[in-house]
Structure formats: structure tokens, C-alpha cells
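Notes follow the structure.
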Amino acid sequence: MKILGIGNAIVDVICKVDDNFIEQNNLTKSTMKLLFDENEFKNLLKNLKIEKTVSGGSVANSIVGISQLGNKVGFIGKISDDKFGSNYEEGLKKENVEYFYSKKKEVLPTGTCLILITPDSERTMCTFLGTAGKINENDVDTNAIKRSEIIFLEGYLWDKGEPKKAFDKAINNAKKVAMSLSDLFCVERHKPHFLNLVKNKLDITFTNEQEIISLIEAKNFDEVVSFSKQLNKLIIITRGEKGAIAVDGNEVFESDIQKNLKIIDLTGAGDLFAAGFLHGYINKLHTKKCLEKGTEMSSKVIQQIGARL
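Residue numbering for the sequence shown follows the numbering used here, beginning at 1060 and increasing consecutively.
Shown next as C-alpha cells:
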């Protein structure tokens, strides 16, 4: 198997809203808010028209993208034996993703993420993790990890306690480890732990400019490049309209964004960028070509609704 993803198994529930909805519900546009109360989540949902539901989660989106590019992939994520759990499993299998998890009835339901798309194409997410966030080391299939060339983790999944043990087990058994830092709030919540991962445990790190500036408390982007070079690893940084760069040891490669795109929804842009890059990487393309494949995939996904091509 080329790549095994380990992440939050979350059903994406996609809805269109106006800016007033974001303000009235005290949400911060373009960020992800974790909801810990199932009733709060249900109250948000009851006033909305659902556009569609998809088997989501950041790394799962990337893994599906890598599968669509013709690679053999797998995924581990915790679900419950409920309606959304069954939908989740079927959704991945349809995309030729091998699912290494046997669902059972859990105390909490399968995780759900409300993706609210405003007229400016930005997406604001409200996530009720449910059982997804309760992943533990027993949920991680060691044999699947050892059979994979790379494992791909997400910052959203990292938390103290059981998820950390699941991470440690995965990293300790892997040939190579890639991870996405996921979100600025994630980085700020777990800064010392993420910094330790980037410096000492990860072979490949995916991050955006804001996240890595916060992580290393840099004053400018030159400091980010210097820090990345010192690590002697592969650091991939997306920079919005400025394109993306990869720092591979001492070498820096750049890729511009594609022009004249009809942007509809930015959901999944980072996830599909990672899919394109990792597809290039496991097929031994030059780092510059990997960046270009990432840019191509993210450009496609933002011209439609949802995080799947």
C-alpha cells in the first residue's frame, strides 16, 4: 500500500449560509470551531438546508484524492455503528479506499462537521467530533502501518491522552510519516507538541503560512524558510495567492497559483493540495512537479462545492 491515512472520520454536512448566520451564531469566518455539546450542534443544523453529505475529515479527503489519482491507499478512523457511520464506510469503499476499522456501537455518535459556505466562497466549520476524537491505540492497525510506504496524519486528530497514544503507536511503526498541521487554532492549542513533532518525528510537514509563522513565532517569512532549511526535512507551505513552496533540505522550490479560476468553495483546498503533492512524491516525481500537482488538484476542487473531485 502506498499511503495509509489516520484521521478524524467525520461526515461532512455542506450548507450555504449568508454572513448574518455566521455573526448571529458567534462564529469566526474561515475557521473551524469544535462543538462539545451534541444539542448545540443539532440546534445549528435544524435551521439549515443541507446541500450534500460526504465521508469527510481532512486526511480522508486527501486519501480519496490520492486514490482517484490511481494509487493504492487505506484509512483508519473511528466511527460508531449508526446511520452516519454506515454512510461513512460506504463512502470510502466507493472511492477504492481500504478501510481498516471495524465499527461497533459507541457511546458517542459518528463525528459530523457542518461546513457553512458564505457567498464569498469562504467556509466556516463547526465540528462535533463524536466518537472520531476518541481514537486510541487499539484502533490503530499495526500491520496496515507496516505495509504502507507513508502514513499521513492530521493535526485535528492530535490531543492529549488516547489520541496521542494512537499517534505515537502509528509513528513508531511507520516507515515514513507525513502530517498536516490542519488549522491555526490547532497549532496555537498544541504548539510545543506540534513543534516537537515537526522537528523530531515527521519526515514531511504540510502547513500554511499562518500556521508555521505561529508555530515558530516567526517575525517574517524569511525566518520560516531559514527554520525549514535547518530541519533538513521536507516542509510544504501553502501561501494563498502567493502559491506554495517546498523546502527540501537546503533547496527551496516554488509553484504559482493557477489564474482565472471560478472559485466556488474553498473546502478541501489544502486537503487536495496534499493529495496531489503526495501522489507526486510516492511516484518519485521531482519536488517542483509535486508542488505543481498539488496546485492542480487544489485548483480543481475550489471550482466546485465540497472537498471531493
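By construction, the Cβ of each residue, glycine as well, lies at the ideal position given by its N, Cα and C atoms.
Span separating the alpha-carbon of Glu1149 from that of Glu1276: Taking the sequence shown and counting its residues from 1, the one referred to as residue 1149 is at position 90. Taking the sequence shown and counting its residues from 1, the one referred to as residue 1276 is at position 217. C-alpha separation (whole angstroms): 42 Å.
Margin query: If contact is defined by three or more beta carbon pairs under 8 Å, each pair taking one atom from either stretch, is the region 1150-1157 in contact with the region 1165-1179?
Written below: No, the region 1165-1179 is not in contact with the region 1150-1157.
Q.
Let's test the definition: count the other Cβ atoms within 10 Å of the Cβ of Ile1322 and tell me whether it reaches 16, buried, or not, exposed.
A. Position 263 of the sequence shown, counted from the first residue, corresponds to residue 1322. Per the 10 Å Cβ criterion, exposed.
Cβ-based burial, Asn1067 [other Cβ within 10 Å; buried from 16]: Looking up residue 1067 in the sequence shown gives position 8. So Asn1067 counts as buried.
Simplified DSSP assignment, three categories, for Ile1341
Here residue 1341 refers to the residue found at position 282 when the sequence shown is read from its first residue. DSSP places Ile1341 within a helical segment (H, G or I) once states are collapsed to three.
Return the CA-CA distance between Ser1126 and Val1132, expressed in angstroms with no decimal places. Along the sequence shown, one-based indexing puts residue 1126 at 67. Along the sequence shown, one-based indexing puts residue 1132 at 73. Answer to the nearest angstrom: the Cα atoms are 6 Å apart.
- request: Let me know the secondary structure DSSP gives Phe1159 once reduced to three states.
  value: As a working mapping, residue 1159 is identified with position 100 in the sequence shown. In this structure, Phe1159 counts as coil in the three-state DSSP scheme.
*asked:* Quick check for students: name the residue ranges of the beta strand (DSSP E) that lie wholly in the region 1219-1264, counting only runs of 3 or more.
replied: For the region 1219-1264, the full-length beta strand (DSSP E) segments reaching 3 residues or more read 1236-1239 along the chain.
What residue range does the beta strand (DSSP E) around Phe1312 cover? Your numbering for residue 1312 matches position 253 in the sequence shown. That run of the beta strand (DSSP E) goes Glu1310 to Ser1314.
Whole angstroms is fine: what's the gap from Ala1237's alpha carbon to Glu1282's?
Stepping through the sequence shown from its first residue, residue 1237 is reached at position 178. Stepping through the sequence shown from its first residue, residue 1282 is reached at position 223. Each residue's Cα considered, the two are about 22 Å apart.
#### Entry: Alpha-carbon to alpha-carbon, Thr1087 and Arg1182
Locating residue 1182 in the sequence shown gives position 123, counting from the first residue. Locating residue 1087 in the sequence shown gives position 28, counting from the first residue. Looking at the two C-alpha atoms, the distance is approximately 10 Å.
Meets three-Cβ-pair contact criterion under 8 Å: the region 1258-1278 and the region 1294-1309 = Short answer: they touch.
Query raised in the report: Going by Cα to Cα distance, which pick from Leu1350, Lys1258 and Gly1329 is closest to Phe1336?
Result: Stepping through the sequence shown from its first residue, residue 1336 is reached at position 277. Residue Leu1350 is the option with its Cα nearest to Phe1336.
Let me check one thing: in DSSP terms, what residues is Asn1267 bridge-paired to?
Position 208 of the sequence shown, counted from the first residue, corresponds to residue 1267. The partner list for Asn1267 (beta bridge, DSSP) reads Thr1297.
Thr1354 versus Gly1144: straight-line alpha-carbon distance, rounded = Counting from 1 along the sequence shown, the entry for residue 1354 is found at position 295. Counting from 1 along the sequence shown, the entry for residue 1144 is found at position 85. The alpha-carbon atoms of Thr1354 and Gly1144 are separated by roughly 32 Å.
For this session: Compare the C-alpha of Leu1301 against each of Asn1309, Asp1315 and Glu1310 and name the closest.
Result: Here residue 1301 is taken as the residue at index 242 of the sequence shown, counted from 1. In the sequence on display, residue 1301 carries Lys and not Leu. Checking every option, the nearest Cα to that of Lys1301 belongs to Asp1315.
Taking the continuous beta strand (DSSP E) assigned at Leu1094, which residues delimit it?
Numbered from its first residue, the sequence shown carries residue 1094 at position 35. First-last of the beta strand (DSSP E) with Leu1094: Met1091 to Leu1094.
In or out: Pro1168 buried (at least 16 other Cβ within 10 Å) or exposed? Residue mapping note: residue 1168 aligns to position 109 of the sequence shown, counting from 1. Buried, since its Cβ has 16 or more Cβ neighbours within 10 Å.
>> In this structure, how does DSSP classify Lys1318 when only helix, strand and coil are distinguished?
In response: As a position in the sequence shown, residue 1318 is number 259, starting the count at 1. Three-state result, Lys1318: coil.
Using the three-state DSSP reduction, which class does Lys1204 fall into: helix, strand or coil? Start at 1 with the first residue of the sequence shown, and residue 1204 comes out as number 145. Lys is not the amino acid found at residue 1204; the sequence shown has Ile there. In this structure, Ile1204 counts as helix in the three-state DSSP scheme.
field: Three-way DSSP call (helix, strand, coil) for Met1060 in this model
entry: Here residue 1060 refers to the residue found at position 1 of the sequence shown. Of the three classes helix, strand and coil, the one that applies to Met1060 here is coil, per DSSP.
Per DSSP, cross-strand counterpart(s) of Thr1186: Within the sequence shown, the letter at position 127 stands for residue 1186. Residue pairing for Thr1186: DSSP places it in a beta bridge opposite Leu1093 and Cys1172.
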